[in-house]
Amino acid sequence: MEDGDATQPDLLAAWRRLLLWGLPAVQGAVVLALLLGRGDTWDRLVDPWLYLTISLVLTGSWLAVLSGRGSLRQITVLLTAGSALFLNAKLLLLAALLPDPGALLPELLETLVWLPAVITWTMLTDLARPVRRILNWMMAGVVTLSAVVAVRPLLIGHPLDMAALRALLQINLSALVSLYGASFFLRRSDLLGRAQGEQQVLRQLVYTDLLTGLPGRVRLSEQLRTLTGQGRPFAVLFVDVDAFKVVNDTLGHAVGDELLCVVAQELQRLAPQGSFVYRLSGDEFVVLLPQANDRAAQWEAQRLLQLVPVRPSLQVGMDITLSIGVSVYPDDATDAETLLRHADSAVYAVKRAGRRQVRRYQPQQDAATERFQVLARDLSLALSRRELSLHYQPVFCLREMRPVKAEALLRWRHPQLGMVSPGEFIPVAERVGLIAPIGAWVLRAACREALRWDDVTVSVNVSAVQLLQAEFPQVVRSALKDTGLSARRLELELTETAALYEDDRAAWVLHELRLLGVGLSIDDFGSGYSNLSRLRALPITGVKLDRSCIEGLPDGPGGAFARALLEAVMGLTRYLPLDLTVEGIESAAQLAALQELDCPLGQGHGLSRPLTDTEFLALLRGGSGTLPLHGRPAH
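For what it's worth, this note's numbering labels the leading residue of the sequence shown as 359, then goes sequentially.
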């Protein structure tokens, strides 16, 4: 039989068994009714044809159930309609043909027994609308024909038969109870069916990837826990489709979805018997190989690497390749989460090495990769969790030794890793596309805090990634407008990269920023490209000389070269003209040499460590915060 009519196979099987045993029982009752008839004219002429008709319906339904040729809904609707028709036909014939008033009551009582049959058939199906329509017609027919049977004696000159009237009343009451009882059952069944359907959909959403039909991350986690609990070796293959974004961008998302479906089919088809295939998200799949050791896992991975892309490549019309990372239980990890993370680290290492390879997890080499992944994942939440903060390192006028600027320095206190260096997490932010929102937050926070600093300028570092974004000037404009800070009190420090000197987009952004009135300074000048001719063409207002340029000053190794370099840069900045800030002042001797050369601005731990906003404000108001030099570095 068709199972499309039921969502629970066990319940369907129970109804099928009920019909297979119940229909012969009803048929037996029909035969028994014929054998026990009173032998009057009605029993001889009418009942055999009525019972023959209903017997054909019962027999046909039973054969359909046995052979599976009809669905449960079709059979139960047929039985319901047949029983209701039998009931109304019996009443119609009683009204039209029964000549003996004394035989009316026994025949009415025989008719009454078909109402339980109607309600029983009704409860075998959840097809509410057709069944309810049948019941409504049955009720209307019973009421109409009962009235005809009741008044027929009057029409032929006989008195009303009170016993027949009571029997007719019982038939109508029973029909009414059957109708509304069945309606209530159908509504309740419909609600339960919907609830079960919603639960099934939710379960499918949780456990199954709707695009490919593969089980998803939740099912993978359950299976990994099961396998690790068994204690036997097994392997995890983390499969990534190379350059999937290129397919989406060039051929469209519909082709990308088609590609993922074909890859899923090929992984299922080609994975060894007994393995499990899952889709995690995007273009990431996992193949579990129970009872596979390192050698078997890498052999299977190489086989999948070669065979799986063949059909997807033909399907989308371009060369499709895979990258596969392998981790093995218990050699690489003893818990499910770590084992999957190690396989992910291995495939990430494949991506960095050129793709289209299989790589086993290597703890020492992949530790940095896993840390990158942890930082990338948690950095996306750092802003919402308020884990980021700003410190400010003062920039001093060296002649008067007073702070005139403050460089905003981003700090990240990770809840598990503690303080993470900006030199580590800023490159992560640039690579995963988080530098724009983080940079916008830093800009607003720094401008907001600078409102409390009287006439002191705040310097904010800008990465090359931000500088190449056409909307960056608007981000700066919005920060100034929303905070109310004057543009002349904001300086943007630009990392010295090739993009700064050679990319026309960067030049356009710099000119737009200068039109806003903000200052533009090249950070770590002298440590990178230092394209001096290009420097003259850019709208730069200042440079910050890298700390490496004053190492050895005044009397250490390379001290003479450092003095000559410093004098050359000072001459250049006076000519252009540009503000000059020397970074990395660590000792009193360095400070004295810089003051002797009349260097205008400087910063470094020897002058002041980075301060919180409260500490810097106290410094500006003449309080503590700076660590003055007394012949030694202050840290």
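Beta carbons: idealized from backbone N, C-alpha and C, even for Gly. Predicted model only: the values in this text are computed from it and were never measured.
Item	Value
On the criterion of 16 or more Cβ atoms from any shown chain inside 10 Å, does Asp361 qualify as buried, or is it exposed?	No answer about Asp361 holds up, because its pLDDT of 39 lies below 50 and its placement is not dependable.
Ordered along the chain, which non-local residues of its own chain (more than five positions away) have a Cβ less than 8 Å from that of Leu959?	Val753, Phe754, Cys755, Leu756, Val762, Lys763, Asp937, Leu938, Thr939 and Val940
Would the beta-carbon of Leu569 fall within 8 Å of that of Asp615?	yes
Suppose the cutoff is 8 Å on Cβ atoms and the five residues either side in sequence are ignored; what does the same chain contact list for Arg575 look like?	Tyr636, Leu638 and Ser639
Using 8 Å as the cut-off, can you tell me whether the region 860-877 makes contact with the region 764-781, which would need three or more C-beta pairs spanning the two stretches below that distance?	no
Between Thr696, Leu628 and Leu697, which has its C-alpha nearest Gln664's C-alpha?	Leu628
If I measure Cβ to Cβ from Ala837 and keep anything under 6 Å in the same chain, skipping five residues before and after, which residues do I get?	Leu801, Arg802 and Cys805
Can you tell me where the beta strand (DSSP E) with Leu595 in it begins and where it stops?	Phe592 to Val599
Does the region 719-737 touch the region 696-704, meaning 3 or more C-beta pairs lie closer than 8 Å?	yes
With distance defined between alpha-carbon atoms, name the residue in Thr899, Phe919, Ala922 and Asp913 nearest to Leu934.	Thr899
Quick check on Met759: does DSSP put it in helix, strand or coil?	coil
Using only the alpha-carbon positions, how far apart do Tyr719 and Asp689 sit?	10 Å
One question on the structure: do Val645 and Leu595 come within less than 8 Å of each other, judged by their Cβ atoms?	yes
Since Asp840 is in the alpha helix (DSSP H), which residue starts that stretch and which ends it?	Phe830 to Thr841
Alpha helix (DSSP H) containing Ser703: first to last residue?	Ala694 to Arg710
Hey, could you find the ends of the beta strand (DSSP E) Thr911 is sitting in?	Here the sequence assigns Leu to residue 911, which means Thr is not the residue at that position. It is not in any beta strand (DSSP E) - Leu911 carries neither H nor E in the DSSP assignment.
Can you name the start and end residues of the beta strand (DSSP E) that Ile682 belongs to?	Leu680 to Tyr687
Is the separation between the beta-carbon of Gln660 and that of Val716 shorter than 8 Å?	yes
Closest to Asn819 by C-alpha separation, out of Ala828, Arg810 and Ala798, would be which residue?	Ala798
In chain order, what residues of the same chain lie with their CB nearer than 6 Å to the CB of Val841, ignoring the 5 residues before and after it?	Contrary to the premise, residue 841 reads as Thr rather than Val in this sequence. Counting only Cβ-Cβ distances below 6 Å, and skipping sequence neighbours, we find Cys805 and Arg806.
By Cβ distance, which residues of its chain are closer than 7 Å to Phe883, with the 5 residues on each side in sequence left out?	Glu854, Val901, Lys902, Leu903 and Asp904
Mind checking which residues open and close the alpha helix (DSSP H) that includes Leu874?	Asp862 to Leu874
Would you list the one or two residues that DSSP bridges to Arg846?	Arg846 pairs with nothing; no bridge assigned.
If I follow the unbroken beta strand (DSSP E) through Asn819, where does it start and stop?	Thr815 to Val820
In this structure, does DSSP put Ala992 in helix, strand or coil?	In this prediction, Ala992 has a pLDDT of 38, which is less than 50 and means its spatial position is unreliable; nothing more can be read from the coordinates.
Comparing C-alpha positions only, which one of Pro488, Ser671 and Pro382 sits nearest to Thr417?	Pro382
What does DSSP give as the partner residues of Arg771 in its beta bridges?	Met777
Can the beta-carbon of Val621 be found less than 8 Å from the beta-carbon of Pro670?	yes
Just to confirm my understanding: we take Lys709, look at its own chain, exclude 5 residues before and 5 after, and list those with CB closer than 6 Å. What are they?	Ser681
Put Glu642 into one of helix, strand or coil per three-state DSSP.	strand
Helix, strand or coil: how does DSSP classify His611 here?	helix
For Val666, which residues from the same chain have a beta carbon less than 7 Å from its beta carbon, with the 5 sequence-adjacent residues on both sides left out?	Val621, Glu624, Leu625, Leu628 and Leu680
Less than 8 Å between the beta carbons of Leu843 and Leu871, yes or no?	no
What is the C-beta distance between Val500 and Leu549, in whole angstroms, given that I count them as a contact (C-beta under 8 Å)?	At roughly 28 Å, the Cβ-Cβ gap does not stay under 8 Å, so Val500 and Leu549 are not in contact.
Let me know if Val604 comes out buried or exposed under the rule of 16 or more other beta-carbons within 10 Å of its beta-carbon.	exposed
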